[in-house]
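J.: Take the position in the sequence shown, starting the count at 1, then add 10; the result is the number in the numbering used here. This is the structure, below, for whatever I ask next.
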Amino acid sequence: MNRSELIAATAAHSGVPLATAEQVLASIQAVVIESLKSQEKVAIPGFLSFDVIERSARAGRNPQTGAPLDIPARKAVRVVVGQTLKRAVSDIQPSGN
């Protein structure tokens, strides 16, 4: 499901116009980004939580040449899946590809 499909499904599920569903999704995205920029954790219990973590500097290698390189410290977003979502997905039978 891509962004426009999510917006359409949300509008249909909640009975609101497509434009309203799109505004709500854009607002949620903006609020999550602003909260993470402020180092604030965002939690939707049972679904997802987001927080900013610090990745320490480390040594790495260029995959094409094998030459060593230094990877600097950086901040990253951690997404943790909630128990309700985990349980819902655990009941799905694997497709036999």
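Glycine is no exception: its CB is placed at the ideal position from the N, C-alpha and C atoms.
Here's the rule: buried if 16 or more other CB atoms are within 10 angstroms of the residue's CB, otherwise exposed. What is A31?
T.: Counted from its first residue, the sequence shown places residue 31 at position 21. Looking at its Cβ environment, which holds 16 or more other Cβ atoms inside 10 Å, A31 is buried.
J.: Under the three-state reduction of DSSP, which class applies to I54: helix, strand or coil?
T.: The count along the sequence shown starts at 1 and reaches residue 54 at position 44. The answer is strand: DSSP assigns I54 an E or B state.
J.: Could you give the residue range of the alpha helix (DSSP H) that holds A98?
T.: The count along the sequence shown starts at 1 and reaches residue 98 at position 88. Its alpha helix (DSSP H) spans residues Q93 to S100.
J.: Compute the Euclidean distance between the alpha carbons of V99 and R88, then round it to the nearest angstrom.
T.: If you number the sequence shown from 1, residue 99 lands on position 89. If you number the sequence shown from 1, residue 88 lands on position 78. Roughly 20 angstroms between the two C-alpha positions.
J.: Could you check the C-alpha separation between Q74 and R65 for me, to the nearest Å?
T.: To locate residue 74, count along the sequence shown from 1; it is residue 64. To locate residue 65, count along the sequence shown from 1; it is residue 55. Answer to the nearest angstrom: the Cα atoms are 24 angstroms apart.
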